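One structure is given below, encoded as structure tokens.
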Amino acid sequence: MVWNRALKDRLSAESGAVITDWGGRLPVAIVYANSYHIGMSNLGVHALYKWFNSRDDFVAERVFWDEEPQSTSGGLSVESRRPLPDFSVLAFSVSFELDYLNIPRMLKSAGIPVFSNDRDESYPLVIGGGAVLTANPMPVAPFFDAVCIGEAEAILPSLSQAIKDPLDQPRQTQLERLAAISGVYVPSLPAPVKRQHVSILDDFMVGTTVFTEDTEFGDMFLLEVQRGCRFSCRFCLVASSFYPFRYRSIESLLNQARLARKYRNRIALVGPVVSEYPHLAELLRGLKELGYSLSIGSMRVKPISTEVLNELVMGGVKSLTIAPEAGTPKLRRSIGKGFSDDDITEAVRKIGGAGIRQLTLYSMVGLPGETDADVDSLASLVLRSKVEADKHHVALSLNVSAFIPKAHSPFEREPMASAKDIDGRFDKLERSLSGKGVKVKPDTSGWGEIQAALARGDDKLAGVIEKLDKISLAGWRRSMKTAGLSTEAYAHRRFSEDEPLPWDIISM
Ligand code: SF4
Numbered sequence: 001m002v003w004n005r006a007l008k009d010r011l012s013a014e015s016g017a018v019i020t021d022w023g024g025r026l027p028v029a030i031v032y033a034n035s036y037h038i039g040m041s042n043l044g045v046h047a048l049y050k051w052f053n054s055r056d057d058f059v060a061e062r063v064f065w066d067e068e069p070q071s072t073s074g075g076l077s078v079e080s081r082r083p084l085p086d087f088s089v090l091a092f093s094v095s096f097e098l099d100y101l102n103i104p105r106m107l108k109s110a111g112i113p114v115f116s117n118d119r120d121e122s123y124p125l126v127i128g129g130g131a132v133l134t135a136n137p138m139p140v141a142p143f144f145d146a147v148c149i150g151e152a153e154a155i156l157p158s159l160s161q162a163i164k165d166p167l168d169q170p171r172q173t174q175l176e177r178l179a180a181i182s183g184v185y186v187p188s189l190p191a192p193v194k195r196q197h198v199s200i201l202d203d204f205m206v207g208t209t210v211f212t213e214d215t216e217f218g219d220m221f222l223l224e225v226q227r228g229c230r231f232s233c234r235f236c237l238v239a240s241s242f243y244p245f246r247y248r249s250i251e252s253l254l255n256q257a258r259l260a261r262k263y264r265n266r267i268a269l270v271g272p273v274v275s276e277y278p279h280l281a282e283l284l285r286g287l288k289e290l291g292y293s294l295s296i297g298s299m300r301v302k303p304i305s306t307e308v309l310n311e312l313v314m315g316g317v318k319s320l321t322i323a324p325e326a327g328t329p330k331l332r333r334s335i336g337k338g339f340s341d342d343d344i345t346e347a348v349r350k351i352g353g354a355g356i357r358q359l360t361l362y363s364m365v366g367l368p369g370e371t372d373a374d375v376d377s378l379a380s381l382v383l384r385s386k387v388e389a390d391k392h393h394v395a396l397s398l399n400v401s402a403f404i405p406k407a408h409s410p411f412e413r414e415p416m417a418s419a420k421d422i423d424g425r426f427d428k429l430e431r432s433l434s435g436k437g438v439k440v441k442p443d444t445s446g447w448g449e450i451q452a453a454l455a456r457g458d459d460k461l462a463g464v465i466e467k468l469d470k471i472s473l474a475g476w477r478r479s480m481k482t483a484g485l486s487t488e489a490y491a492h493r494r495f496s497e498d499e500p501l502p503w504d505i506i507s508m
């Protein structure tokens, strides 16, 4: 009852939610395997919600995993507070590997068998999609009846037809129909699958559809500007998984922003490399004319446009992130980031000169080929940047995380550094920069190691995830040990060049 009331309050605090009578429509749960607070900043959730609810033959409601209440009542939808088994289809949108750990818990709590093989047509179809599943769905593949490989907008027209037609058919027939769709991987009928993408982004606008204050970017309208990337940094999977680089027309972006203006005063532009949007200064001016204040996550170090910086500052932006990624030009070149040290300090100078007051540098440690000397050089580079930042009264911080090898990135076979080495490098940086006026924010190494194992995992990990009694580092270790598996072999080992990879079945 308490949870029902909380869901009602949540719904009444939203704008833009769709409440539709289920009569004659196929009910789809858009499922996010993490909290409402995190999930409502995920544009994949908004895009799926909008796509299904724009059709007369479907009704879509959202289900999140808010640990405490769900542990007693099972996942209930925000809109009509129905449990997962009331839906015909559960569409999981998955963006982070660590969210895999919540998928079996959500299904179990709703009384739905976790493994696809144990479900018949009396249960909803369980379908997954999202960036991490596109790169390598294997560790969670046995939980899903089907996994979408690539962009939802490219697959949904055929998929929606297939899930609608044969609802009273045996599950095997349903799965065979799904397996026949381009870009759909059916784990019980394994066959090579090719990633799907759309050519023209303007046909499918992606932005905040349901507005709530109860999310990380709750005061903003999030708008997707571009997909893919023209660069191919060797640690990053964007260039392969979201190929090719595409961007939306300025007219369609401004049009969308105009429609959302009644909900929010602030807009955040979303995409892997927003600063590469070719008409960025013009777009920023147009958004300001609509009365928006602006937000942009990060910018590439080079080229960095003074015109764009000035527009951002005039649009109210006070903080920015740039990503040197590593401490020396040699190491940066080896990862595909060809910036010199001077390029980085020049970027700091321009950013400070334009009037930005808070700058975050982002870097990794544990990169292939990295030495202690590279970490020392990173600290020196940060201090050189600090001199430049001080001239313009810019507060400087350093966010640093561990390199995690990702399937379908050029570094997919490289090992992740050991937790001991990573912690040692985090410590080294903190010691070198302590008392120098730079705030250092290191990530944690333990969960990074599990993320790496999941990113390069095979279907044996599904059993480990399913058996997790508790989501904790100790729980993971126990479950791995029981299964006779080692995190080391997935995360910290170099995969040899002739070794088949679990994700070879996916063609990018
Ligand atoms: S790190 Fe950024 S610039 Fe490099 S490939 Fe990924 S998205 Fe592109």
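Count the sequence shown with this note's numbering and you get residues 1 to 508, in order. Yeah, the Cβ is synthetic: ideal placement off N, Cα and C, and Gly gets one too. The structure presented is a predicted model; accordingly, all values stated were derived computationally and were not measured.
Strand pairing of residue i, partner residues [DSSP]
| i | result |
| --- | --- |
| P27 | V59 |
| G207 | L223 |
| K194 | S507 |
| Y292 | None, per the DSSP bridge assignment. |
| E325 | S363 |
| L48 | DSSP lists no partner for L48. |
| S93 | G129 |
| Y32 | F64 |
| I267 | F221, L294 |
| S275 | None, per the DSSP bridge assignment. |
| R246 | R227 |
| P83 | L76 |
| L253 | Looking at the DSSP assignment, L253 forms no beta bridge with any residue, so it has no partner. |
| S88 | Paired residues: none, contrary to the question. |
| S319 | Q358 |
Rounded C-alpha distance that separates residue i from residue j
| i | j | result |
| --- | --- | --- |
| M480 | D202 | 45 angstroms |
| E213 | F245 | 32 angstroms |
| A6 | C233 | 44 angstroms |
| S305 | N255 | 25 angstroms |
| E224 | R258 | 14 angstroms |
| V198 | K428 | 45 angstroms |
| D168 | E121 | 7 angstroms |
| D374 | T328 | 6 angstroms |
| P27 | V89 | 7 angstroms |
| I30 | M508 | 25 angstroms |
| F204 | V387 | 45 angstroms |
| P137 | I149 | 9 angstroms |
| I38 | V45 | 11 angstroms |
| A455 | Y36 | 24 angstroms |
| R264 | L473 | 40 angstroms |
| R493 | W503 | 16 angstroms |
| I163 | A60 | 14 angstroms |
| E79 | L11 | 7 angstroms |
| S73 | A239 | Any answer about S73 is weak, because its pLDDT of 46 lies below 50 and its placement is not dependable; what the coordinates show is given next. If you take the alpha carbons of S73 and A239, they lie about 41 angstroms apart. |
| L48 | L381 | 43 angstroms |
| L107 | E67 | 13 angstroms |
| F144 | L378 | 43 angstroms |
| T134 | Q358 | 35 angstroms |
| E497 | F411 | 12 angstroms |
| G16 | L76 | 19 angstroms |
| Q161 | W476 | 39 angstroms |
| S54 | F211 | 17 angstroms |
| A462 | V317 | 43 angstroms |
Pair within 8 angstroms by beta-carbon distance, residue i and residue j
| i | j | result |
| --- | --- | --- |
| M299 | I267 | no |
| A419 | E370 | no |
| S293 | P324 | no |
| L222 | V270 | yes |
| I250 | L283 | yes |
| F92 | G128 | yes |
| C229 | P272 | yes |
| I471 | S445 | no |
| D99 | A154 | no |
| R248 | L290 | no |
| I527 | S295 | Outside the modelled stretch of the chain, which goes from 1 to 508, sits residue 527, for which no answer is possible. |
| S432 | D376 | yes |
| R105 | I112 | no |
| P157 | D458 | no |
| I509 | L309 | The structure shown does not extend to residue 509, since the chain spans only 1 to 508, so no value can be given for it. |
Cβ of residue i within 8 angstroms of any chain D Cβ
| i | result |
| --- | --- |
| F245 | Among the chains of the structure shown, chain D does not appear; only one protein chain is present. |
**Request:** May I have a chain-ordered list of the beta strand (DSSP E) segments no shorter than 3 residues that lie completely inside the stretch 401-477?
**Result:** For the stretch 401-477, whole beta strand (DSSP E) runs of length 3 or above, ordered along the chain, are 439-442.
**Prompt:** Curious, which full-length alpha helix (DSSP H) runs of at least 4 residues does the stretch 331-404 contain?
**Reply:** Fully enclosed alpha helix (DSSP H) runs of 4 or longer: 341-354, 372-391.
**Message:** Could you tell me which whole beta strand (DSSP E) segments of length 3 or greater appear in the stretch 146-184?
**Reply:** Annotation note: the stretch 146-184 contains the following uninterrupted beta strand (DSSP E) runs of length 3 or greater, listed N- to C-terminal: 146-148.
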